[in-house]
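Note that UniProt numbering has the sequence shown beginning at 2, numbered continuously upward.
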Amino acid sequence: PSVVNVDTNPFEGQKPGTSGLRKKVKVFLQEHYTENFVQSILDANKDSLAGSTLVVGGDGRYLVKEVVDKIIKISAANGVGRLLVGQDGILSTPAVSCIIRKYKALGGIVLTASHNPGGIDNDFGIKFNCANGGPAPDATTNQIYALTTAIKQYKIVPDIACDISKIGVSNYDIGGQKFTVEVIDPVNDYVAYMKEIFDFNKIKALIQGTEQRKPFNVLIDSMNGVTGPYVKRIFIDELGAREGNVRRIVPLEDFGGAHPDPNLTYAADLVNAVKGGDYDLGAAFDGDGDRNMIIGRGAFFVTPSDSLAVLASYLQLIPYFQRTGVRGFARSMPTAAAVDRVAAATGFEMFEVPTGWKYFGNLMDAGRLSLCGEESFGTGSDHIREKDGLWAALAWLSVLAGTGHSVEDILKAHWAKYGRNYFTRYDYEECASDSCNEMMQVLEKKITSPGFVGSSHSAGGKTYVVKLADNFSYMDPIDQSVAMKQGLRIIFEDGSRIVLRLSGTGSSGATVRLYIDSYEAKDVLGDAQVMLKPLIDVALQISELPKYTGRDAPTVIT
Ligand code: VG1
Ligand code: CO
């Protein structure tokens, strides 16, 4: 087969957001659109491509297979040496990270729009991960974007026919250069790694029960996303769970119409099943398998911020951390500060980074970060460089097996010891972009004007005095790179926080995210929505959000 150069023109807007390029499927279906972006990814790595290995796979959504085929043909034309491709194009995001690291690949191309719905009328996405297994840092994605704005040609080998439905190795001769496609089992490497990290025997004993103890009844929901085959292998084959312990474990191109985002709204099915059933733990994962939701008996909800804090305080129950030791902890800025208290109590370093997993990578590579998370149902560790939904569920099961306590008891004991950070996030999805941008500009001006610090704001009988307000910026302590304008935050004298930012993962319009975090040392058993109501009202007053968005209620509350 030989290389063909195809003339093309740049498309506007191929700028990767919080986690890759995400657009409607129909945008990707435009002639040359996908090719341009893939070529730009490869061009950003031009100097290292010759003979390199790249990992390719996605979450099984509509268009994944077609785009894998394009990546094979374009990689062949650009001198890539070898592709490791998940069978049928399937690889969860954490599995891609694991495989890049294990086989020392140059990087990976992940085909996912994560928690966004799939199918011909919904979303698709392409993300580049680097040699450390993590999402490309801003410098790289900016470079990719710059290349997309100037692209004139892409290279392709049109007559490679590679059957990705069968595991095996295919070799091609591309004008005298060898090019190899290795179709791999999507699950093997990841599961082998999980077995190194966790004590599977112990978790199996918990799930199957012993003579003294009845089985711990789990309900694991893949939401028709990519984790299905991983859940089947881990929970059914390895841990001895029954068919009734898992649900929606067949990846579907449109996720069966589900919105594969594991939260109380979009995973309401699971919540209801756990509420009404005899289950000790429920867990759900998003489309690409990096997010997790954990609920206990009776659907007792664990906020991701609390989940992070609890895991931080129990890491010694996990063999991986017994071996590696614990370095530091981190969370994204909008995430509630519960883990900060564990860090303070245990003396570990604590980092606060912008939203997006790419900001954790350098700290992990430098050996300063073991466990981190985001309020958006992301939890993970330095075992890979992506957040990892199944890892989080196994980590929780390790804690439950190790302590013998219920999810609810663990949370209550945690709050009794550390106090509780009440947290909620309001999402206003698909609002008009212009008015949302205007709202953010006006608000930034307001909160950074003289006199705002020190001002008082009241609602529901409570008064809050502003201590600090800014547009969050972050300097990476390892490479000193700076990320500006990462979200407006207002911090009050009592430590309560209001954060407002615009989403960087949507495919149309603007999504406003309002985050509220408030600490209580003693009053720890309240309802978050009730406890936070005054602060929410203050946030709506200061931001004038109803006026700018035209919304009197959020689309999703988490
Ligand atoms: C959202 C979350 C963020 C997460 C990102 C990718 O970004 O808020 O915490 O890292 O999604 O998650 P944004 O910019 O929309 O707020 V995933 O599971 O979609 O890759
Ligand atoms: Co995801």
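Glycine included, C-beta positions come from ideal geometry on N, C-alpha and C.
Rounded Cβ spacing between residue i and residue j (contact assumed at less than 8 Å)
{"i": "A346", "j": "N422", "result": "With a Cβ gap of about 14 Å, A346 and N422 do not count as contacting."}
{"i": "L107", "j": "S53", "result": "4 Å"}
{"i": "K276", "j": "G299", "result": "6 Å"}
{"i": "G119", "j": "D255", "result": "5 Å"}
{"i": "L391", "j": "G290", "result": "7 Å"}
{"i": "K468", "j": "V454", "result": "7 Å"}
{"i": "F424", "j": "I517", "result": "7 Å"}
{"i": "S544", "j": "L444", "result": "5 Å"}
{"i": "S93", "j": "D122", "result": "Contact flag wrong, Cβ pair sits at about 24 Å."}
{"i": "P335", "j": "D428", "result": "About 12 Å separates the two Cβ atoms, so there is no contact after all."}
{"i": "D238", "j": "I165", "result": "Between I165 and D238 the Cβ distance is about 23 Å, and since that is not below 8 Å, they are no contact."}
{"i": "R426", "j": "L515", "result": "7 Å"}
Euclidean distance between Cα positions of residue i and residue j
{"i": "H116", "j": "D287", "result": "5 Å"}
{"i": "T550", "j": "E353", "result": "29 Å"}
{"i": "S508", "j": "Q209", "result": "43 Å"}
{"i": "K71", "j": "F125", "result": "15 Å"}
{"i": "R502", "j": "E439", "result": "12 Å"}
{"i": "T149", "j": "E32", "result": "15 Å"}
{"i": "A367", "j": "I479", "result": "7 Å"}
{"i": "N264", "j": "A242", "result": "23 Å"}
{"i": "L316", "j": "D553", "result": "42 Å"}
{"i": "V57", "j": "E431", "result": "30 Å"}
{"i": "D471", "j": "A484", "result": "14 Å"}
{"i": "K205", "j": "L240", "result": "5 Å"}
{"i": "A274", "j": "P2", "result": "54 Å"}
{"i": "H406", "j": "A417", "result": "15 Å"}
{"i": "I385", "j": "N79", "result": "28 Å"}
{"i": "S308", "j": "I499", "result": "21 Å"}
{"i": "E212", "j": "D270", "result": "32 Å"}
{"i": "V408", "j": "S399", "result": "12 Å"}
{"i": "P17", "j": "G505", "result": "9 Å"}
{"i": "Q144", "j": "A45", "result": "6 Å"}
{"i": "M476", "j": "Q542", "result": "31 Å"}
{"i": "L22", "j": "R214", "result": "48 Å"}
{"i": "P95", "j": "L526", "result": "34 Å"}
{"i": "A147", "j": "F361", "result": "24 Å"}
Reference residue i, options the options, closest by Cα
{"i": "D190", "options": "C99, A151, A147 and V219", "result": "C99"}
{"i": "N133", "options": "D200, N363, Y173 and K196", "result": "N363"}
{"i": "L85", "options": "V182, A140 and Y315", "result": "V182"}
{"i": "D341", "options": "V4, E375 and G405", "result": "E375"}
{"i": "S333", "options": "V303, P320 and L372", "result": "L372"}
{"i": "T380", "options": "A402, L312 and K27", "result": "L312"}
{"i": "residue 615", "options": "T556, I161, N218 and L515", "result": "Nothing about residue 615 can be reported from this structure: the residues present for the chain run from 2 to 559 only."}
{"i": "P159", "options": "G90, K167, I75 and A147", "result": "I75"}
{"i": "Q442", "options": "Y427, L546 and E494", "result": "L546"}
{"i": "D281", "options": "V65, K66, L401 and A511", "result": "L401"}
{"i": "G461", "options": "L412, A540 and V170", "result": "A540"}
{"i": "L412", "options": "N46, T304, K128 and R369", "result": "T304"}
{"i": "I73", "options": "G135, I157 and D538", "result": "I157"}
{"i": "residue 563", "options": "A433, T449 and L43", "result": "There is simply no residue 563 to check, as the chain begins at 2 and stops at 559 in what is shown."}
{"i": "A193", "options": "A51, R234 and Q178", "result": "R234"}
{"i": "G283", "options": "Y267, F301 and T266", "result": "F301"}
{"i": "Q323", "options": "K534, F199, I491 and V170", "result": "F199"}
{"i": "F129", "options": "Y63, I101 and P187", "result": "I101"}
{"i": "S436", "options": "A114, M365, T512 and V272", "result": "T512"}
Same chain only: Cβ atoms within 7 Å of residue i, ignoring 5 sequence neighbours per side
{"i": "I152", "result": "T9, P11, N37, Q40 and S41"}
{"i": "S49", "result": "L107"}
{"i": "V251", "result": "N225 and G229"}
{"i": "G496", "result": "Y520"}
{"i": "A522", "result": "G420"}
{"i": "F493", "result": "Y465, V466, V467 and K468"}
{"i": "Y104", "result": "T54 and L85"}
{"i": "I161", "result": "P2, I73, K74, A77 and Y173"}
{"i": "T142", "result": "P17"}
Spatial neighbours of residue i in its chain, beta-carbon cut-off 6 Å, leaving aside the 5 residues before and after
{"i": "F180", "result": "A77 and Y173"}
{"i": "L253", "result": "N225"}
{"i": "F330", "result": "A313, V340, A344, F349, M351 and L372"}
{"i": "C131", "result": "G108 and A137"}
{"i": "A393", "result": "N293 and T380"}
Close beta carbons around residue i, own chain, < 8 Å, minus the five adjacent residues each side
{"i": "A140", "result": "S482"}
{"i": "K25", "result": "D122, N123, D124, F125, S508 and S509"}
{"i": "W358", "result": "S20, G135, P136, D291, E375, G379, G381, R386, E387 and K388"}
{"i": "L43", "result": "L50, I75, S76, N79 and V81"}
Which whole runs of the alpha helix (DSSP H) in the stretch 266-341 are 4 residues long or more, in chain order? Segments of the alpha helix (DSSP H) lying fully in the stretch 266-341: 269-277, 305-314 and 320-325.
In chain order, each beta strand (DSSP E) run of at least 3 residues that lies wholly inside the stretch 401-475: The qualifying runs are 421-432, 457-460 and 463-472.
Which complete beta strand (DSSP E) runs does the stretch 18-73 hold, if anything under 3 residues is left out? Counting only runs of 3 or more, we get 22-25 and 54-59.
Segments assigned alpha helix (DSSP H), at least 4 residues, entirely inside the stretch 360-407: For the stretch 360-407, whole alpha helix (DSSP H) runs of length 4 or above, ordered along the chain, are 362-366 and 390-404.
Minimum length 4: unbroken alpha helix (DSSP H) runs contained in the stretch 183-254: Within the stretch 183-254, the complete alpha helix (DSSP H) segments at least 4 residues long are 189-198, 201-209 and 229-232, listed from N- to C-terminus.
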